[in-house]
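In terms of numbering that gives the first Met the number 0, the sequence shown is residues 0 to 246. In what follows, a structure is listed as structure tokens, so that the remarks can point back to it.
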Amino acid sequence: MSLLATARIVADADGGLPLLVSDGPLALRRTRASGPYTRVTVVGAMSAPLGGDRLAVETEVRDGARLLVDSAAATLALPGRSAEPAAYDVRITVGEAGVLRWLPEQLVSVQGSDLRMRTVVELAPTARLVLREEQILGRHGEPPGTLVTRLTVRRAGRPLLDQELAFGPGAPGGWDGGAVLGGHRATGQLLVVEPGFAEKPVEPRLLGENGAVSPLAGPAALVSAVAPDALAVRRLLDTALAELAPL
């Protein structure tokens with residue numbers, strides 16, 4: 000039987016969490032933070048998402064709040080009894096002078112799985128955002144499942160980024176070719192939205208042979224990377240994170 004679950008987080012400027020609701024496999028825990036952030040860790044309570052599952056995480060960072068969301072382990076997209084694709088939706092709003100660091104572990108597309116992941120972010124004009132996504136295409140020695148991810152970000156009601164990636168069986172031809180992954184099986188993106196970039200834009204540059212930093216048409220920068228494995232992708236993104244958005 001398919002699973003329907005929605006977890007919810009609301010963070011206040013005083014460090015409080017007036018709403019922290021776990022649901023199904025999405026267990027939320029307040030954990031110790033080393034900096035000025037309230038920290039919430041997503042702990043997987045069971046194997047999910049499976050085929051046909053509908054999972055969601057809704058997060059509201061209220062005006063002036065500072066929230067860090069991470070996860071305890073990678074998320075595995077797994078095949079299930081249903082032939083329907085699984086869906087995993089992340090819906091985020093960040094208020095005026097709010098700060099969100101969204102830093103989950105990798106998403107692993109397991110052979111035979113079919114997942115549609117959608118992340119939608121609404122930012123106030125003075126909000127700050129650090130958002131990381133990493134996709135690992137197949138476990139060691141196996142081909143990937145089907146994975147489609149879309150990231151949509153709006154700032155002050157205006158589009159800032161709308162990007163869709165598709166990998167695995169059924170994806171448009173060339174997804175693993177030289178113009179996209181170049182034979183690699185790990186990829187990642189880091190989006191940094193910082194109002195200060197309006198006065199001092201980020202310079203476009205390469206990160207070694209497999210990464211690039213690109214300024215966006217707004218106070219933001221997008222880092223894209225591919226690599227043979229999850230560790231190499233994380234190292235590239237961590238390098239960019241330390242430069243663009245240190246704690």
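Ideal Cβ positions, reconstructed from N, Cα and C, are used throughout, including at glycine.
Original post:
How long is the line joining the alpha carbons of Asp228 and Leu114, rounded to whole angstroms?
Top reply: Reading the sequence shown from its first residue, position 229 is the one you call residue 228. Reading the sequence shown from its first residue, position 115 is the one you call residue 114. Their backbone Cα atoms lie some 20 Å apart in a straight line.
Original post:
So, Ala55 versus Val89, is the Cβ gap smaller than 9 Å?
Top reply: Against the sequence shown, residue 55 aligns to sequence position 56. Against the sequence shown, residue 89 aligns to sequence position 90. Yes. Within cutoff.
**OP:** Tell whether a beta-carbon distance below 9 Å holds between Val263 and Val120.
**Re:** A question about residue 263 goes unanswered here, because the residues of the chain that appear run from 0 up to 246.
Subject >> For Thr92, three-class secondary structure by DSSP >> reply: In the sequence shown, the residue the question calls residue 92 occupies position 93. If DSSP states are grouped into helix, strand and coil, Thr92 belongs with the strands.
**OP:** Along the beta strand (DSSP E) that carries Leu27, what are the first and last residues, could you check?
**Re:** Looking up residue 27 in the sequence shown gives position 28. Residues 25 to 30.
**OP:** State the CB to CB distance for the pair Ala220 and Val201, rounded to an integer number of angstroms; the pair is presumed to be in contact (CB under 8 Å).
**Re:** Position 221 of the sequence shown holds residue 220. Position 202 of the sequence shown holds residue 201. Indeed, because the Cβ distance is near 4 Å, the residues count as touching under 8 Å.
Subject >> Test item: CB-CB of Ala73 and Gln110 under 9 Å >> reply: As a first step, residue 73 is located in the sequence shown; it is residue number 74 there, counting from the start. As a first step, residue 110 is located in the sequence shown; it is residue number 111 there, counting from the start. Contact flag unset, no.
**OP:** Using alpha carbons as the reference points, say which of Leu128, Ala86, Val68 lies closest to Met116.
**Re:** Walking along the sequence shown from the start, residue 116 turns up at place 117. Ranking Leu128, Ala86, Val68 by Cα distance to Met116 puts Ala86 first.
Original post:
Between Gln134 and Arg149, is the Cβ-Cβ spacing less than 9 Å?
Top reply: Position 135 of the sequence shown, counted from the start, is the residue given in the question as residue 134. Position 150 of the sequence shown, counted from the start, is the residue given in the question as residue 149. Judged by beta-carbon spacing, Arg149 lies beyond the 9 Å limit of Gln134, meaning their Cβ atoms are not closer than that value.
Original post:
At what residues does the beta strand (DSSP E) containing Glu132 begin and finish?
Top reply: On the sequence shown, residue 132 is found 133 positions in, with the first residue counted as 1. It spans 127 to 136 - the beta strand (DSSP E) in which Glu132 sits, taken as one unbroken run.
Original post:
In terms of residue numbering, what span does the beta strand (DSSP E) encompassing Asp69 cover?
Top reply: Walking along the sequence shown from the start, residue 69 turns up at place 70. Counting along the chain, the beta strand (DSSP E) containing Asp69 begins and ends at 65 to 70.
**OP:** Starting from Ala6, follow the beta strand (DSSP E) in both directions and report where the run begins and ends.
**Re:** The count along the sequence shown starts at 1 and reaches residue 6 at position 7. 3 to 10 is the span of the beta strand (DSSP E), which, as asked, contains Ala6.
Subject >> Delimiting residues of the alpha helix (DSSP H) encompassing Leu77 >> reply: Locating residue 77 in the sequence shown gives position 78, counting from the first residue. Looking at the DSSP string, Leu77 is not in any alpha helix (DSSP H), and its letter there is neither H nor E.
Original post:
So, is Val20 buried or exposed, given that buried needs 16 or more other C-beta atoms within 10 angstroms?
Top reply: Here residue 20 refers to the residue found at position 21 when the sequence shown is read from its first residue. Around the beta carbon of Val20, a 10 Å sphere encloses fewer than 16 other beta carbons of the protein chains shown; the residue is thus reported as exposed.
Subject >> Host beta strand (DSSP E) of Arg233 (start-end) >> reply: By 1-based counting over the sequence shown, the position of residue 233 is 234. Here Arg233 belongs to no beta strand (DSSP E); instead the alpha helix (DSSP H) covers 229 to 243.
Subject >> Residue(s) in a DSSP beta bridge with Glu121 >> reply: Taking the sequence shown and counting its residues from 1, the one referred to as residue 121 is at position 122. Note: Glu121 sits in a beta bridge opposite Thr92, Arg153.
Subject >> Option nearest Arg80 by Cα separation, candidates Ser108, Val107, Ser112 >> reply: Along the sequence shown, one-based indexing puts residue 80 at 81. For the residues Ser108, Val107, Ser112, the minimum Cα distance to Arg80 belongs to Ser112.
**OP:** Spatial neighbours of Arg7 within its chain, please: CB distance less than 7 Å, with the 5 preceding and 5 following residues excluded, ordered by chain position.
**Re:** Taking the first residue of the sequence shown as position 1, residue 7 is located at position 8. Excluding sequence neighbours, Arg7 sits near Leu18, Val20, Glu57.
Subject >> Candidates Leu240, Gly34, Leu2: closest to Leu128 by CA position >> reply: Position 129 of the sequence shown, counted from the start, is the residue given in the question as residue 128. When only C-alpha atoms are compared, the closest one is Leu240.
Original post:
If we call anything under 9 Å between Cβ atoms a contact, is Gly50 one with Ala82?
Top reply: Mapped onto the sequence shown, residue 50 falls at position 51. Mapped onto the sequence shown, residue 82 falls at position 83. Yes. Within cutoff.
Original post:
For Gly169, is the classification buried or exposed, using 16 other Cβ atoms within 10 angstroms of its Cβ as the cut-off for buried?
Top reply: The sequence position of residue 169 within the sequence shown is 170, counting from 1. Looking at its Cβ environment, which holds fewer than 16 other Cβ atoms inside 10 Å, Gly169 is exposed.
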